[in-house]
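From first to last, the protein sequence lines stand for chains A and B.
The numbering used here applies: residue 383 is where the first sequence begins, and numbers increase by one.
The numbering used here applies: residue 73 is where the second sequence begins, and numbers increase by one.
Working notes, structure below.
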Amino acid sequence: QQQVKQSPQSLIVQKGGISIINCAYENTAFDYFPWYQQFPGKGPALLIAIRPDVSEKKEGRFTISFNKSAKQFSLHIMDSQPGDSATYFCAARWAGGSQGNLIFGKGTKLSVKP
Amino acid sequence: NAGVMQNPRHLVRRRGQEARLRCSPMKGHSHVYWYRQLPEEGLKFMVYLQKENIIDESGMPKERFSAEFPKEGPSILRIQQVVRGDSAAYFCASSPWTSGTSEQYFGPGTRLTVT
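So, in structure tokens, the structure goes:
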């Protein structure tokens with residue numbers, strides 16, 4: 383099954399708090415998991431990505447946690463800021479495909495309140 | 073280094089007309105992907121191209137849609153005889169030709185409205 387399920391659909395966090403967005407997948411042939419940030423009227427911007435041989439990756443305030451056995455991965459935004467308010471998409475690439483073809487979750491709309 | 077460029081940014085077409093969307097990949101990138109995004113939805117893969125080759129078109133509707141990436145010039149997504157259901161944001165992404173990498177960088181999109 384080539385699906386990526388993302389939750390929650392929307393999230394409100396106070397400034398300085400931690401934002402957590404979760405994704406789950408079923409196909410064990412996925413081998414690359416990026417997160418994208420999209421502001422209204424703009425294209426998605428690559429935020430951070432992880433491969434399944436790593437359990438955690440951190441870049442600045444953004445951390446991906448990956449649980450291979452549970453087939454889940456999550457994005458943590460530490461010290462969330464109003465400027466982080468955007469829609470976040472998780473995605474997965476199918477290793478059996480043509481080295482493209484990202485499969486996206488439906489997105490989480492994050493709102494960080496000042 | 074300029075990013076992925078798409079034009080036009082907004083396109084309005086009447087039902088039955090043709091829509092042509094253009095994408096210029098980042099410098100040095102030879103892989104181009106097209107995705108469609110409906111309101112409040114994630115992106116759906118349409119087609120993956122390299123120069124002069126369609127590698128994977130499994131996400132393309134069988135009729136009215138076509139894509140090309142010629143040796144010279146931008147990649148073009150063509151939608152013939154547009155219908156209201158084609159109204160969406162169409163995003164192009166590019167990737168460098170490096171074995172094993174999957175980083176895709178997106179353009180700003182073309183927002184197609186069919187009236």
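Built from N, CA and C at the ideal position, the CB exists for glycine as well.
The structure presented is a predicted model; accordingly, all values stated were derived computationally and were not measured.
TODO: Would you kindly work out how many angstroms separate the C-alpha atoms of lysine 116/B and methionine 132/B, rounded to a whole number?
DONE: So the two alpha carbons sit approximately 10 Å from each other.
- [ ] Compare the C-alpha of proline 434/A against each of Lys397/A, Arg475/A, His458/A, Gly442/A and name the closest.
- [x] Considering only Lys397/A, Arg475/A, His458/A, Gly442/A, the residue with the shortest C-alpha distance to proline 434/A is Arg475/A.
Open item on the list: For the structure I just gave you, are there three or more beta carbon pairs, one from the stretch 392-404 of chain A and one from the stretch 446-459 of chain A, closer than 8 Å?
Closed with: The stretch 392-404 of chain A vs the stretch 446-459 of chain A: in contact.
- [ ] With 8 Å as the threshold, decide whether the Cβ of methionine 162/B is near any Cβ in chain A.
- [x] With the sequence shown as reference, residue 162/B is identified as tyrosine, and methionine is not the correct amino acid for it. No, tyrosine 162/B does not count as interfacial toward chain A.
Task: Exposure label - aspartate 461/A; buried when at least 16 CB within 10 Å - done: Under this definition aspartate 461/A is an exposed residue.
TODO: Return the CA-CA distance between arginine 156/B and arginine 92/B, expressed in angstroms with no decimal places.
DONE: Using only the alpha carbons, I get a separation of about 16 Å.
Task: Contact belief for lysine 432/A with lysine 440/A at Cβ below 8 Å, rounded distance in angstroms - done: Lysine is not the amino acid found at residue 432/A; the sequence shown has isoleucine there. Going by Cβ atoms, the distance from isoleucine 432/A to lysine 440/A rounds to 10 Å, so no, they are not a contact pair.
Task: Nonlocal neighbours in the same chain, by C-beta distance under 8 Å from lysine 343/A, ignoring five residues either side - done: Residue 343/A lies beyond the stretch modelled for chain A, which goes from 383 to 496, so this question has no answer here.
Open item on the list: Please tell me whether leucine 149/B has its Cβ less than 8 Å away from any Cβ of chain A.
Closed with: Answer no: the Cβ-Cβ gap between leucine 149/B and chain A never drops below 8 Å.
Open item on the list: Between phenylalanine 455/A and chain B, is any beta-carbon pair separated by less than 8 Å?
Closed with: Not closer than 8 Å to any Cβ of chain B, the Cβ of phenylalanine 455/A fails to qualify, so no.
Open item on the list: Is it buried or exposed, serine 171/B, if we count other Cβ atoms within 10 angstroms and call 16 or more buried?
Closed with: Residue placement at serine 171/B cannot be trusted, given a pLDDT of 49 that sits under 50; the coordinates are not used to answer.
- [ ] Taking glycine 425/A as the query, report the chain B residues whose CB atoms sit under 7 Å from its CB, ordered along the chain.
- [x] Against glycine 425/A, the close residues of chain B are Phe163, Phe178, Gly179, Pro180, Gly181, in the order they occur along the chain (beta-carbon pairs closer than 7 Å).
Open item on the list: Using 8 Å for Cβ pairs, my map puts arginine 108/B next to alanine 74/B. What's the rounded Cβ distance?
Closed with: Not a contact, Cβ separation roughly 24 Å.
TODO: Verify whether the separation of the beta carbon atoms of leucine 429/A and threonine 490/A is less than 8 Å.
DONE: For leucine 429/A and threonine 490/A, no; Cβs fall outside 8 Å.
- [ ] Tell whether a beta-carbon distance below 8 Å holds between alanine 473/A and proline 422/A.
- [x] No, they are not a contact pair.
TODO: Note down the Cα distance separating cysteine 231/B from cysteine 164/B, rounded to an integer number of angstroms.
DONE: This structure cannot settle anything about residue 231/B, because the visible part of chain B is limited to 73 through 187.
Task: Member of Tyr407/A, Lys387/A, Phe486/A, Phe471/A whose CA lies at the smallest distance from the CA of lysine 450/A - done: Closest by C-alpha distance to lysine 450/A, out of Tyr407/A, Lys387/A, Phe486/A, Phe471/A, is Tyr407/A.
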